[in-house]
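Have a look at the structure below, then the notes.
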Amino acid sequence: SQQGEEDPQALSIQEGENATMNCSYKTSINNLQWYRQNSGRGLVHLILIRSNEREKHSGRLRVTLDTSKKSSSLLITASRAADTASYFCATDADDYKLSFGAGTTVTVRA
Amino acid sequence: EPEVTQTPSHQVTQMGQEVILRCVPISNHLYFYWYRQILGQKVEFLVSFYNNEISEKSEIFDDQFSVERPDGSNFTLKIRSTKLEDSAMYFCASSPLAPGTDTQYFGPGTRLTVL
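Heads up: the protein sequence lines correspond to chains A and B, in order.
Under the working numbering, read the first sequence as residues 144 to 253, first letter to last.
Under the working numbering, read the second sequence as residues 133 to 247, first letter to last.
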């Protein structure tokens with residue numbers, strides 16, 4: 144299976160701290176995407192990193208990709224209460240679908 | 133900013149009834165998808181659609197499911213005879229370029245409840 148698997152499953156941090164979550168996958172990919180989902184809501188695209196990229200930044204988000212280890216990480220710096228959500232990685236292998244992991248639930252305490 | 137829209141936001145139906153979930157993808161996108169998320173579980177791929185044809189479908193997407201692009205803007209998912217286990221959030225997505233090259237943009241979802 145192509146699916147990404149995130150860890151940890153859940154993360155609780157204080158506002159202002161950084162949050163790091165990891166994603167591992169099993170086979171070759173074209174790109175890896177991170178999404179956020181607030182409770183019971185839709186999926187919001189955060190960032191896409193291509194297989195030939197190693198690191199990407201978007202605002203307070205930093206994503207790394209290590210294709211040799213088949214893993215990616217998402218770092219949220221200076222977290223805010225509004226960052227409380229579930230975060231999913233999704234791998235795209237040019238087979239007309241995204242394969243999602245189970246997600247990391249992040250709780251940011253005020 | 134253009135976005136994918138879905139209607140209705142919540143659909144309640146009786147087991148055995150047919151439902152049609154509607155999506156309006158972003159207007160210049162060419163690739164369309166349906167995914168579902170059973171409560172508390174991961175998002176699962178159902179089907180992808182390009183050039184008026186199904187490109188790929190998962191084993192979930194059996195004969196009870198069908199998709200259609202009835203006009204230039206709508207993309208629909210039909211479940212012919214709903215089962216209790218079809219209760220889930222259904223997400224439509226679209227992308228401008230071929231899979232593997234670009235982001236898939238998701239709609240807000242339709243929560244389907246089968247009683």
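Every residue, glycine too, gets a C-beta built ideally from N, C-alpha and C.
This one's a predicted model, so the numbers in the text were calculated from it and none came from an experiment.
Using the C-alpha atoms, what's the distance from residue j back to residue i?
i	j	result
T234(A)	P134(B)	24 Å
E158(A)	T248(A)	15 Å
A153(A)	T250(A)	8 Å
G185(A)	Q173(B)	14 Å
G239(B)	L175(A)	19 Å
S214(A)	E149(A)	9 Å
C224(B)	K212(A)	31 Å
T210(A)	T170(A)	9 Å
S226(B)	T233(B)	13 Å
V151(B)	T245(B)	11 Å
F231(A)	S222(A)	17 Å
Quick one, are the C-beta atoms of residue i and residue j less than 9 Å apart?
i	j	result
Y163(B)	L178(B)	no
S198(B)	E176(B)	no
G241(B)	S141(B)	yes
E200(B)	K210(B)	yes
Q149(B)	S213(B)	yes
L217(A)	L204(A)	yes
T220(A)	N181(A)	no
Y237(B)	V156(B)	no
S180(B)	K240(A)	yes
A224(A)	R252(A)	yes
Would you check whether the ligand NAD has a heavy atom nearer than 8 Å to the C-beta of residue i?
i	result
F164(B)	Inclusion of the ligand NAD in the displayed structure is not the case, the ligand content being empty and no account of it being possible.
Within 10 angstroms of its Cβ, does residue i collect 16 or more other Cβ (buried), or is it exposed?
i	result
S144(A)	With a pLDDT of 44 at S144(A), under the threshold of 50, the predicted position of this residue should be treated as unreliable, and no value is reported.
M221(B)	buried
I172(A)	buried
A162(A)	buried
V144(B)	exposed
Q138(B)	buried
S201(A)	exposed
I170(B)	exposed
L229(B)	exposed
L153(B)	buried
Counting pairs of beta carbons, one from the region 150-170 of chain A and one from the region 180-197 of chain A, are three or more of them closer than 8 Å? no
Just by C-beta distance, which residues in the region 151-164 of chain B are closer than 8 Å to chain A? Y163
Any residues in the region 147-169 of chain A with a beta carbon nearer than 9 Å to a beta carbon of chain B? Which ones, in chain order? none
Can you pull out the residues from the region 181-198 of chain A whose beta carbon lies closer than 7 Å to at least one beta carbon of chain B? R184, G185, L186, H188 and L191
May I ask you to list, following chain order, the residues of the region 232-244 of chain B that have a beta carbon less than 9 Å from some beta carbon of chain A? G232, T233, D234, T235, Q236, Y237, F238, G239, P240, G241 and R243
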